[in-house]
Amino acid sequence: KAGVTQTPRYLIKTRGQQVTLSCSPISGHRSVSWYQQTPGQGLQFLFEYFSETQRNKGNFPGRFSGRQFSNSRSEMNVSTLELGDSALYLCASSPIPGAGGEQYFGPGTRLTVT
Amino acid sequence: DQQVKQNSPSLSVQEGRISILNCDYTNSMFDYFLWYKKYPAEGPTFLISISSIKDKNEDGRFTVFLNKSAKHLSLHIVPSQPGDSAVYFCAASDSNYQLIWGAGTKLIIKP
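Chains as they are written, first to last, in our numbering: chain A, -14 to 99; chain B, 1049 to 1159.
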């Protein structure tokens, strides 16, 4: 079974631009969560989608948004990029929300904002 | 405020010895705790978990201990192997199944 895939793996953008990141969950998994990882901060929860509906949202500004498609693939969008948005963005999937907390992560997208 | 804290950014252990990674939490409503391991350029992978109704869970070389009164959990790795060198994250699950993560501890196993 293929794992969670994220595209692109690396991205360099300029302040003020917008960016869209993509995540394909493990086949059969319907829950997709997004996290931002910065050095020393661990993983900060962005949002979770299940069956095309946002189920949970973390404490991030409205510039961060996401969506999920009927095939469970998910995208996240960051508008008006700031230098502080430079981070590793991780996507995780699970069969259902909760699932004992076990999530399967993709390799991440490394976003650099200059 | 950090609800899940890993106070040691890094830990160095001799190969073959025991590695003990610690995690503290503040929210007594957390009911499930997990440890993940992360290698560079990869996403975290699930390692072991424990429910709040237990105080110990063991899986091979990995054991997680939970002390609810102290709001503390620890991960023991015995014996430590070079492949265990990675960043270890502690996470706690709230009633909404949202995972709250610690900042991670980098474990270095010395040969």
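All C-beta atoms, glycine included, are put in the ideal place defined by N, C-alpha and C.
Note that this is a predicted model, so its numbers are computed, not measured.
Three or more beta-carbon pairs separated by less than 8 Å are not found between the stretch 35 to 45 of chain A and the stretch 1098 to 1111 of chain B, which leaves the two stretches without contact. Leu73/A has its alpha-carbon roughly 18 Å from the corresponding atom of Pro1057/B.
Between the stretch 1145 to 1154 of chain B and the stretch 1095 to 1102 of chain B, the count of C-beta pairs closer than 8 Å stays below three; the two stretches do not touch. For Ser50/A, the enclosing beta strand (DSSP E) has its first and last residue at Phe49 to Gln53. One Cα belongs to Gln1054/B, the other to Asn62/A, and the distance between them is close to 30 Å. Excluding five sequence positions before and after Trp1149/B, the CB atoms of its chain that fall closer than 7 Å to its own CB belong to Val1052, Phe1137 and Ala1139, given in chain order. Taking Ser78/A as the centre and dropping the five residues before and after it, the same chain places the C-beta of Val(-11), Pro10, Ile11, His14, Val17 and Tyr89 closer than 6 Å to its C-beta, in chain order.
In its chain, beyond the 5 residues on either side, Gly13, His14, Arg15 and Ser16 have a beta carbon closer than 8 Å to the beta carbon of Pro80/A. Only Phe30, Glu33, Arg40, Asn41 and Gly43 from the stretch 30 to 43 of chain A bring a Cβ to less than 9 Å from some Cβ of chain B. For Gly(-12)/A, the three-state secondary structure derived from DSSP is coil. Chain order gives no chain B residues near Glu67/A, where near means a beta carbon separation below 9 Å; the closest approach is about 22 Å.
DSSP, read as helix, strand or coil, puts Gly27/A in strand. Inclusion of Leu1095/B and Tyr1084/B in the CB contact set at 8 Å is warranted, their separation being smaller than that value.
For Asn56/A, there is no enclosing beta strand (DSSP E), since its DSSP letter is neither H nor E. The C-alpha of Asp1079/B lies about 15 Å from the C-alpha of Pro82/A. Within 10 angstroms of the beta-carbon of Ala1089/B lie fewer than 16 other beta-carbons, which makes it exposed. In the structure shown, Asp1079/B adopts coil according to DSSP, grouped into three states.
Counting C-beta pairs with one atom in each stretch, the stretch 45 to 56 of chain A and the stretch -9 to -2 of chain A have fewer than three that are closer than 8 Å, which means they do not touch. Taking a Cβ-Cβ cut-off of 7 Å, the neighbours of Pro92/A in chain B comprise Ala1089, Glu1090 and Gly1091, given in sequence order. At a C-beta separation below 8 Å, Gly1152/B has these neighbours in chain A: Gly27. What Glu87/A touches in chain B, judged by beta-carbon distance under 9 Å, is Leu1082, Phe1094 and Ser1097, going in chain order.
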